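Colleague: For our numbering, add 1 to where a residue sits in the sequence shown, where the first one is 1. Each residue gets a CB set at the ideal place from its N, CA and C atoms; glycine is no exception. Since we're looking at a predicted model, the values are computed, not measured.
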Amino acid sequence: MSVERSQPYIKNTQTLKSALELYKKNSELCALCWTPIQHCEVVLRNMIDKALVVAYGENWLVQTVFLNTLKEYKRHKIDTSIKKFMRKNKSLEFNRNQVVADLELSFWQEITSKKYLNRVWVKAIDAVFPNRPKNLSVEVFIKELYANIEIVRRLRNRIAHHEPIYYKNINKAIKAIVFILQAASSEFLELTNPCFQPIQDKMSDINHLL
2 MSVERSQPYI KNTQTLKSAL ELYKKNSELC ALCWTPIQHC EVVLRNMIDK
52 ALVVAYGENW LVQTVFLNTL KEYKRHKIDT SIKKFMRKNK SLEFNRNQVV
102 ADLELSFWQE ITSKKYLNRV WVKAIDAVFP NRPKNLSVEV FIKELYANIE
152 IVRRLRNRIA HHEPIYYKNI NKAIKAIVFI LQAASSEFLE LTNPCFQPIQ
202 DKMSDINHLL
């Protein structure tokens with residue numbers, strides 16, 4: 002490890018040996034968090050794709066009326082992804098499922114922003130999030146969905162960049178994942194629930210080092 006990368010671990014422990022142990026346990030914590038994050042991202046991707054199909058049709062990826070709602074760099078991302086898979090598949094047509102899977106979590110989060118409330122969510126909310134809290138209006142639910150995706154996305158990015166996460170509010174991220182999965186798919190939430198206790202146990206283990 003570089004001096005800069007090791008500083009957070011050294012700062013929070015008394016010895017180099019403890020710092021290395023903290024680094025190891027942080028890596029283990031990251032690995033434990035990755036599965037529920039992955040489940041959450043896959044569900045979001047599939048559900049928001051479904052919403053866009055309801056709003057814009059099966060070919061929403063190339064619908065001008067939809068593309069014009071996006072920032073230029075996100076339109077470019079879709080175009081780049083389509084061309085990549087056309088080359089890879091040696092075809093003049095693209096596989097939409099490949100392109101959908103290639104888009105980043107930040108793209109899907111963007112579709113839950115307020116500007117898509119009437120364009121997408123008023124039409125698609127019940128088909129996509131059948132278990133959403135019924136005491137929340139569509140507008141409030143989508144606002145909370147966006148905020149919860151942001152919590153998950155930030156944790157995901159820290160893990161992807163091999164940064165320490167032990168001092169972050171992991172319980173907040175777990176609650177965000179539960180909120181998203183509960184609204185979209187109780188089956189996926191049931192699949193994911195066993196992942197949470199090992200995360201809590203690892204956090205408790207880490208706290209003994211701090």
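Using a Cβ-Cβ cut-off of 8 Å (strictly less than) and excluding sequence neighbours within five positions of A102, which residues of its own chain qualify?
Modeller: R46
Colleague: Identify which residue in S107, N90, V43 and E188 has its Cα closest to the Cα of Y74.
Modeller: S107
Colleague: In the DSSP assignment, find the unbroken alpha helix (DSSP H) run with F86 in it and report its ends.
Modeller: E73 to N90
Colleague: Return the residue from the list Y57, V153 and V123 that minimises the CA-CA distance to C31.
Modeller: V153
Colleague: Extract the residue ranges of the alpha helix (DSSP H) inside the segment 136 to 186, only unbroken runs of 4 or more that lie entirely within it.
Modeller: Qualifying alpha helix (DSSP H) stretches, in chain order: 139 to 161 and 171 to 185.
Colleague: Identify whether Y47 lies in helix, strand or coil by the three-state DSSP scheme.
Modeller: In the sequence on display, residue 47 carries Asn and not Tyr. The answer is helix: DSSP assigns N47 an H, G or I state.
Colleague: Determine whether the beta carbon atoms of V66 and F189 lie at a separation below 7 Å.
Modeller: no
Colleague: Please go through the segment 15 to 64 and give each complete alpha helix (DSSP H) segment of 4 or more residues, from N-terminal end onward.
Modeller: 17 to 57
Colleague: What separation, rounded to the nearest whole angstrom, lies between the Cα atoms of I49 and K89?
Modeller: 25 Å
Colleague: Would you mind reading off the limits of the alpha helix (DSSP H) that contains W109?
Modeller: L106 to E111
Colleague: Leaving out the 5 sequence neighbours to the left and right, which residues in its chain are closer than 6 Å to T36 when beta-carbon positions are compared?
Modeller: C196
Colleague: Taking C-beta to C-beta, are A224 and N132 nearer than 7 Å?
Modeller: No information on residue 224 is available, as it lies outside the stretch 2 to 211 that the chain covers here.
Colleague: Assess contact between the segment 53 to 67 and the segment 109 to 127, defined as three or more Cβ pairs (one per stretch) separated by less than 8 Å. Is contact present?
Modeller: yes
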